[in-house]
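Chemist: Take this structure first; my questions come after.
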Amino acid sequence: MSIRVYIPRDAAALSVGAEAVAEAFRREAATRGQTVEIVRNGSRGMMWLEPLVEVETDQGRIAYGPVSARDVASLLEAGALQGGDHALRLGPTDQLDWMKRQQRLTFERIGVIDPLSLADYCAHGGLKGLKAALAMTPADVVEQVRLSGLRGRGGAGFPAGIKWKTVHDAAADRKYVVCNADEGDSGTFADRMIFEGDPFMLIEGMAIAAYAVGATKGFIYLRSEYPHAATAMESALNSAKQAGWIGRDAFGRGKPFDLELRIGAGAYICGEETSLLESLEGKRGIVRAKPPLPALSGLFGKPTLINNVLTLAAVPYILAEGGKSYADFGMGRSRGTLPVQLGGNVLHGGLIELAFGVSLREIIEGFGGGTASGRPIRAVQVGGPLGAYITEKELDLPMDYETLAANRAMLGHGGIVVFDDTVDMAKMARFAFHFCAKESCGKCTPCRIGATRGEETVAKIIAGTNVEANIAIVRDLCDVMTAGSLCAHGGLTPMPVLSAIDRFPEDFVPAERKTAAE
Amino acid sequence: MTVPVAWDENLAVELITERSALEGAMLPILHALQEKFGYVDSRAVAIVANTLNVSRAEVFGTISFYHDFKRQPPLGRTIKLCRAEACQARGAEELAAHLENSEGVQIDGGYHNGVRVETAFCLGNCALGPNALFDGDIFGKLDPQSLSELYAAASRKAGARQ
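Below, the structure written as C-alpha cells:
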C-alpha cells in the first residue's frame, strides 16, 4: 500500500529546499522498495519548520521538520513513513500548539489539501459557498456579505457589503470583478499562500462576487514577483474551466462568467486600486482621482468590484456558513478573522489566522517567540511599508482597525515586521521616503517630489546637519504629503517616517551627541 | 526560464497579433515580447501601437513605467535581491554590502561576470529572509556564503549561454 507524504510546494518551503526534499523522498523510498504518494500541498504557515513534511498514518498526519534532503535517509530508517520517532518528529500536525491556538476560517484547507485537486477541494467543503449563493438572489448574497461585517482586507478596511451593493445597484451593460493580488507590502505573504495553497477558494470567491454584483468577466491581477503563485493559479483556472464553474454557463441558465489571470510588471503602485485598473487597461499605472468610484466607473469605465485576495477568499466561508457566523468572530467594528503575517526578525514567523482583537504581543511573543537574533525587540512595523513603527511598550494594543488608528498606527493588510535593537530608525525613516520615491507613480506633486526631498532631508539628519531644523522640515513635508497626496502611497508614507521620529527620537539626535551618550 | 531569442519581426508580429483581441492587451503583449526576446525592442513599439490603435507614445510610456520591462537585450542573467523592511530586519543590507565587496558587483548597476543584481521590494517570504529570486526559483535564509554560491551559479549559467 502506498503511503501518502505531504511536502509543500509553497514558495517559502521551496526557498529552503522543499524540492530537493521531495526528490530525496522519491529516491530513498524507491531504493527501500517502498511506494510513497507525494502530495505537494500548501504551507501550514509555520515557516521556521519548513520544509515541513507530513506523513499520513492511522494516528493522523505526523509532522517532521525542518527537513533537509540530507535527513531523508535517516527519516526512512527511523520508520517515519509509519510515523516513527526521529529527532525531527514534531507530532500530529493538528496537535501542534501553533496550529491549535488559531481560528482558521480562510486558511482552514491551506497546507491540508492538494491545492490543485478539485476533488480534494470539494471533499474539504469547497464549492459549498458558491452552491449556497446560486440558490439565493444576488441581492441576498450581497446582504450576507453585509451581515458578515467583512471589511476590505487590502488595508483600507472599507465595508465589503457596501461596495458590493454599490456595484450590484449600478446599471450597466457590462460589469467586472477584479481581484487585487498585487501584494507588494513587505511583511505580507497571505495572498501568495492562498494562490499556492488553495487557489480554488479565490476562484470560488470571485465567482460568488460576480454572481452577486452581476459581473460577467473577472480579472486577477497578480504581481510578477510571485512566479509560483502564477503557475498554481493558471493550473487551477484550467481545472475550474474544465469543470464548468467558469465559462459560458457558469451560473446556469446560460449566465456566463469568464476569469483571466493577468500578471503585473513590477510596479508597487499597482496595488492601489485605480492604478491597478489603469494597468489592466494596458496603460501606465497612474493613480486616478476619485470620484468616480471604481464601483460605478472602474475598468474600461464600467462598474467594477475590486477587492483584495483576502477579502474575496473570506467570501466562500461567509456564504457557506452564513454572514452571521463570520460576524460572531472579532471585536468592535472589526468582524471575522484576520490572517496575520508575522515576519522580519522573529524566531517563529508565519501565518496566524485569528479573530480580530488579539494583542500584538500575543502574536509576536506568544506565537513568534521573540526575535530570531535573540536580542530585545525594539520596533515593530504593522501594516506594510506605509504602516507605523511602534515600540515594544505598545505591543499590548489589540489587532483592530479602530484601536490601531486611534493610536497612530494602522492594521493594513495584517503584516507584522519585527526589528531587534540593532535597528537604526533614522535609516528606516530614510528608507520609507526612498521606497515612496522609487514606487511613486508621479502623478501628484507631494508624493513625486516630496518623497525625494524627504529622503534627502533625512539623509542630512543622519549626517548630523542642522538636525532640529531639518526635522522641522520633514514634519512640514509630511503634513503636505498627508493632506495633499492623491492616494495612500504619498498620503501614508509620513506614517513610518513620523512614527520613527516621534517614537524613537533618540535615533534622530546629531551624531556627535549620540556618540557622546554611548 | 526559456532562453531569449534574437529580435525577429515576424515572430514579434505573431506574438502581438495572437494577443491583440484580449481586453487590455498591452501588458500581456509586452510580457510575451519580453519573455521571447529578453527585452522589448524599440522596433516593437510601432507594431504594438498600430495593432492596438494607440499612439507610439502610449506604448513607449507603458514600457518605461514598469520596472520589469527592459529596453536593451540582456547581457547576462539577473538576480533579484529583496531589500524591503522584513528582509532588512534579517540583515539584507549587510548581505547586499557583503556581495558588493566580495564579488565586485554593484547592485542596480550593470552586469558583472554576466550577472546583474537588482533590488526587489518583497518576494513574499518575509519570515525566512533575506531572499532572492533567480530563474523563477526563490532562495531564502540567505547568508554571505549561500548568496555568493547563488551569484557564482548565475555567473556560470550566464557564461554557458554565450
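Residue numbers (the numbering used here), protein chains in the order written: chain D, 1 to 518; chain H, 1001 to 1162.
Yeah, the Cβ is synthetic: ideal placement off N, Cα and C, and Gly gets one too.
If the cut is a Cβ gap below 7 Å, which residues of chain H does M47(D) touch?
Modeler: Contact note: M47(D) reaches chain H through A1127, L1128, using a C-beta cutoff of 7 Å and chain order.
Chemist: Does chain H have any CB closer than 9 Å to the CB of I246(D)?
Modeler: no
Chemist: What residues match up with V178(D) in a beta bridge as DSSP calls it?
Modeler: V178(D) pairs with F219(D), I306(D).
Chemist: For the 8 Å Cβ check, are there 3 or more pairs between the region 161 to 176 of chain D and the region 300 to 309 of chain D?
Modeler: Cβ pair count under 8 Å is three or more, so yes.
Chemist: Between the beta-carbon of R408(D) and the beta-carbon of A388(D), is there less than 9 Å?
Modeler: yes
Chemist: Would you verify that the beta carbon of M428(D) is, or is not, closer than 9 Å to some beta carbon of chain H?
Modeler: yes
Chemist: DSSP beta-bridge partners for M46(D)?
Modeler: Answer by DSSP bridge pairing, in chain order: G350(D).
Chemist: Could you give the distance in angstroms between the alpha-carbon of L105(D) and the alpha-carbon of A314(D)?
Modeler: 8 Å
Chemist: Can you tell me where the beta strand (DSSP E) holding T337(D) begins and where it ends?
Modeler: Per DSSP, the continuous beta strand (DSSP E) segment holding T337(D) begins and ends at 337 to 344.
Chemist: What ranges does the alpha helix (DSSP H) occupy inside the region 94 to 166 of chain D, keeping only unbroken runs of at least 4 residues that lie completely in it?
Modeler: 97 to 100, 118 to 123, 128 to 134, 138 to 148
Chemist: Do W48(D) and G370(D) count as a contact pair if the criterion is CB distance below 9 Å?
Modeler: With contacts defined by Cβ atoms closer than 9 Å, G370(D) and W48(D) do not form a contacting pair.
Chemist: Within 9 Å of any Cβ in chain D, is that where the Cβ of R1116(H) sits?
Modeler: no
Chemist: Any beta carbon from chain H within less than 9 Å of N308(D)'s own beta carbon?
Modeler: No, N308(D) does not count as interfacial toward chain H.
Chemist: Compile a chain-ordered list of the residues in the region 1138 to 1160 of chain H whose CB is closer than 7 Å to at least one CB of chain D.
Modeler: I1138, F1139, G1140, K1141
Chemist: Between the alpha carbons of D120(D) and P92(D), how many angstroms are there, rounded?
Modeler: Answer to the nearest angstrom: the Cα atoms are 21 Å apart.
Chemist: Determine contact between the region 177 to 191 of chain D and the region 130 to 146 of chain D, defined as no fewer than three beta-carbon pairs at a distance below 8 Å.
Modeler: No, the region 177 to 191 of chain D is not in contact with the region 130 to 146 of chain D.
Chemist: So I988(H) and A1096(H) are supposed to be a Cβ contact under 8 Å. How far apart are they, rounded?
Modeler: Within the shown structure, residues of chain H are numbered from 1001 to 1162, placing residue 988(H) beyond reach of any answer.
Chemist: What would DSSP say about T1017(H), mapped onto helix, strand or coil?
Modeler: T1017(H): helix per DSSP, three-state reduction.
Chemist: Taking 9 Å as the CB-CB cut-off, is A517(D) touching chain H?
Modeler: Because A517(D) carries a pLDDT of 48, less than 50, the predicted location of this residue cannot be relied on, and no value is offered for it.
Chemist: From the DSSP output, in three-state form, read off H1112(H) for me.
Modeler: Here H1112(H) carries a strand assignment [DSSP, helix/strand/coil].
Chemist: Taking the alpha-carbon of P398(D) as reference, which of G332(D), A181(D), K290(D) has the nearest alpha-carbon?
Modeler: G332(D)
Chemist: Run through DSSP, which three-state label would C1126(H) get?
Modeler: In the structure shown, the three-state DSSP call for C1126(H) is coil.
Chemist: Measuring only between beta-carbons, confirm whether A1062(H) sits less than 9 Å from chain D.
Modeler: Note that residue 1062(H) is Thr in the sequence shown here, rather than Ala. For T1062(H), the answer is yes, since a Cβ of chain D falls inside 9 Å of its Cβ.
Chemist: Compute the distance between the beta-carbons of A1092(H) and G1129(H), then report whether it is under 9 Å.
Modeler: Going by C-beta atoms, A1092(H) is nearer than 9 Å to G1129(H).
Chemist: Can you give the Cα-Cα distance for I462(D) and G454(D), rounded to whole angstroms?
Modeler: 12 Å
Chemist: Is it true that the CB of L130(D) sits closer than 9 Å to the CB of N245(D)?
Modeler: Note on identity: in this sequence residue 245(D) is Trp, with Asn being the wrong assignment. L130(D) is positioned such that its CB atom lies closer than 9 Å to that of W245(D).
Chemist: Quick check: the region 1064 to 1077 of chain H against the region 1097 to 1106 of chain H, are there 3 or more CB pairs under 8 Å?
Modeler: no
Chemist: Give me whichever residues DSSP pairs with F419(D) in a beta bridge.
Modeler: A379(D)
Chemist: Which partner residues of E260(D) appear in the DSSP bridge assignment?
Modeler: F219(D), per the DSSP bridge assignment.
Chemist: Taking 9 Å as the CB-CB cut-off, is S15(D) touching chain H?
Modeler: yes
Chemist: Looking at the C-beta of N238(D), does it have a partner C-beta in chain H at a distance below 9 Å?
Modeler: no
Chemist: State whether the region 378 to 396 of chain D contacts the region 222 to 230 of chain D, with contact taken as three or more CB pairs (one from each stretch) at a distance under 8 Å.
Modeler: no
Chemist: When you compare only the Cα positions, how much space is there between A80(D) and G125(D)?
Modeler: In a straight line, the C-alpha of A80(D) is about 30 Å away from that of G125(D).
Chemist: Does DSSP put K1080(H) in a helix, a strand or coil?
Modeler: strand
Chemist: Between F1065(H) and chain D, is there a C-beta pair that is closer than 9 Å?
Modeler: yes
Chemist: Residues in its own chain within less than 6 Å of V1117(H) by CB, not counting five upstream and five downstream?
Modeler: Closer than 6 Å at Cβ, skipping near neighbours: I1079, L1081, V1105, I1107.
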